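First up is the structure itself, then whatever we jot down about it.
2 protein chains.
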Amino acid sequence: MSIEPVRRLRRSPEAARQNILEAAERLLLDRGPQALKLVDVAKGAGVAHATVLHHFGSIDGVQTALMEQMIRQLVVQILTAVRPVDPAEQLESVGQVLFDAFESAGGARLAAWLELTGETRRLTIVRAAVEEVISGPMAQKGIAPETATNLILVAVSLAMGVGLIGRSLAELVGRPPESTRQAALDFLNAGLAAALKP
Amino acid sequence: MSIEPVRRLRRSPEAARQNILEAAERLLLDRGPQALKLVDVAKGAGVAHATVLHHFGSIDGVQTALMEQMIRQLVVQILTAVRPVDPAEQLESVGQVLFDAFESAGGARLAAWLELTGETRRLTIVRAAVEEVISGPMAQKGIAPETATNLILVAVSLAMGVGLIGRSLAELVGRPPESTRQAALDFLNAGLAAALKP
DNA sequence: GGCTCTATTGACATTTTTGTAGGTAACTCT
DNA sequence: AGAGTTACCTACAAAAATGTCAATAGAGCC
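Residue numbers (numbering that gives the first Met the number 0), protein chains in the order written: chain B, 0 to 197; chain U, 0 to 197.
Spelled out as structure tokens, the structure:
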């Protein structure tokens, strides 16, 4: 009886890293940052934990790579949605886009993670994006930079809060989970409209 | 030369627990949940780590005790501020109170911690508080329960977002750290006023 | 003073998590 | 086909974190 060699899947370095990062992201989003253990990430990715170390050097390497990737994705997601579209009814969709980015795609959890671990410096990339929006679509609508900045600060904060605790909060007061989002969206749109009228 | 016995501070069980919880809270607030290590908590409290275990049984015991205490404090802080005061200019102060509770006192960080670790069920105590506010001060102002609930959902979400990422966000776009809070407060008050006028 | 109770501790033990080393197998290129 | 490269693995080692235990020392009580 011959011993048959163990079959091995061999990915490209990029594919391997991506596979691992996806596993890590899944863990982060549905079990929280403290679930980002080397062995668990490896198990989720279907590889040996030594393989994770081979590609990222350390568990910290995995974390920072994940942070950077998620930040990039978040920025791209928002920018592609807000960027030069027809400036007509865009206003109402901005809320939708923001809330989607922060709720469905784990933007809120990412931000919370960064904040709680003191890694907000990684967000500096976002600054350029914000300025693009202020001087692009918003300026086109005749919104002064000062006002634009304030609106962004508020809208993002709101999206953050809703994305993070919106569902729990609604359930807590005996409402359907989406009701926080809906209420916040209405409130935001009303406020935006009011702020841009006079 | 005689060996002199080691001097020991002996607290009451309650004082000992409190001392430890305060150390844990400090760690949580300025280093994040993953900094809640047994040894570090003990060091912060100035006791041996075995002492922590004696009082709380396990590190999980410390965490849940901390969660419960912080939740209690949060609820009390908000309720005592919102409760039966003169119903006159109370409206403007509500935002202040909420924002204080979620920002200065680590309400936002607490909530984020609970959310990320899936411990939101601990918040059920809050439900009673919310109902008290809805049927108390808010009803007195003639706000329908439906509207009241929506307003609370939005206001709390906003306070959450501002409390957690407000400062970082402002700095990110080159503004003074308090500007997010200020903008959010204005926006909230304007929205509240509008929602209660007609 | 002597006694009891227990908060406190250092030393040890266990478990969890992370990291290292060396060999194996998959792929590319010639 | 053969050689070189390296993604991947198993086995081991180290470190970090949690938990156990028996002894010690404050404090109240007789």
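Glycine included, C-beta positions come from ideal geometry on N, C-alpha and C.
These figures come from a predicted structure and were not determined experimentally.
Handout entry: Environment of T148(B) [buried if 16+ CB atoms lie within 10 Å]
Key = buried
Problem - Segments assigned alpha helix (DSSP H), at least 4 residues, entirely inside the region 43-78 of chain U - result: 48-55
Practice task
Note down, in chain order, each residue of its chain lying with its Cβ closer than 7 Å to the Cβ of Q68(B), except the 5 sequence neighbours on either side.
Solution key: L20
Practice task
Quick one: grab the DSSP three-state call for L26(B).
Solution key: helix
Problem - 7 Å Cβ shell around L28(U) - same chain, five flanking residues per side excluded - result: G105 and R108
Exercise for the section: Would you mind reading off the limits of the alpha helix (DSSP H) that contains T179(B)? Expected result: S178 to L195
Practice task
Spell out whether any CB of chain U is found under 8 Å from the CB atom of E102(B).
Solution key: no
Practice task
Report buried or exposed for S11(U), applying the criterion of at least 16 other Cβ atoms within 10 angstroms of its Cβ.
Solution key: exposed
Exercise for the section: Using 10 angstroms around the beta-carbon of G173(B), count the other beta-carbons present and answer buried if the total reaches 16, otherwise exposed. Expected result: exposed
Practice task
Given a cut-off of 8 Å, decide if L122(B) and L171(U) are closer than it, judged by their beta-carbon atoms.
Solution key: yes
Exercise for the section: Taking 8 Å as the threshold, find out whether the region 91-105 of chain U comes into contact with the region 63-77 of chain U through three or more Cβ pairs. Expected result: yes
Handout entry: Within-8 Å CB hit, M159(U) to chain B
Key = yes
Exercise for the section: Answer with yes or no whether the minimum CB distance from E24(U) to chain B is below 8 Å. Expected result: no
Practice task
Starting from the beta carbon of V125(U), find every residue of chain B whose beta carbon is closer than 7 Å, and list them in chain order.
Solution key: L171
Exercise for the section: On a CA-only basis, which of V96(B), S167(B) and A192(B) is nearest I77(B)? Give me that one, please. Expected result: V96(B)
Problem - Cβ contact (3+ pairs, closer than 8 Å) linking the region 151-170 of chain U and the region 178-186 of chain U - result: yes
Problem - I124(B) versus V161(U) - alpha carbon distance - result: 20 Å
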